[in-house]
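Asker: I have a structure I would like to understand better, so I am pasting it below and will then ask my questions one at a time.
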Amino acid sequence: CTNHKVDILLICAGKEGKFSLEDAACAGMIINSLKDVFPVACQEADANLTARLLYEKFGNNILEILQTSQHGRYLESIGLEKDLKFCSQLDFFHIVPIFRDGIVSI
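Going by the UniProt record's numbering, 27 is the number at position 27 of the sequence shown; the sequence numbering is gapless.
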């Protein structure tokens, strides 16, 4: 990204405008993956640092993150445990969406 002067923006959707544990941990995982490749681009702003530290607490145990989160617990309570397991898979898809001129594409 630095060779092409492209910004990387991570947007956490949250839930109903509120903080979401799983979104922040996912952002932390992405920041952790990028920090060695693009050290200048991943400056440690407080939000970046918080997300990365949250991810480091769980490591790659995405299922645990989901099961710990408020919404993950809700999904389990209505019988959607299999959805959490599916969503906890790492590198299942090998695509990256691009946002350009107000349009998201892959």
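Ideal placement from N, C-alpha and C gives every residue a C-beta, glycine not left out.
As the structure is a prediction and not an experimental result, all values here were calculated from the model.
1) Where in the region 10-82 do unbroken runs of the alpha helix (DSSP H), each at least 4 residues long, occur, reported from the N-terminal end onward?
2) Around the C-beta of Ala-51, are 16 or more other C-beta atoms found within 10 angstroms, so that it is buried, or is it exposed?
3) Residues in the same chain with beta-carbon distance under 6 Å from Asn-32, minus the five sequence neighbours each way, listed in chain order, please.
4) Please report the residue range of the beta strand (DSSP E) in which Phe-99 lies.
5) With 16 as the cutoff for other CB atoms within 10 Å, does Ile-65 come out buried or exposed?
6) If Asp-83 and Leu-75 are in contact, beta carbons under 8 Å, what's the gap, nearest whole angstrom?
7) Could you give the residue range of the beta strand (DSSP E) that holds Ile-103?
8) Please report how far the alpha carbon of Gln-67 lies from the alpha carbon of Leu-80, in whole angstroms.
Answerer: Let's see:
1) 21-35, 46-58, 62-68, 70-77
2) buried
3) Arg-52, Tyr-55
4) 98-100
5) buried
6) 6 Å
7) 103-105
8) 11 Å
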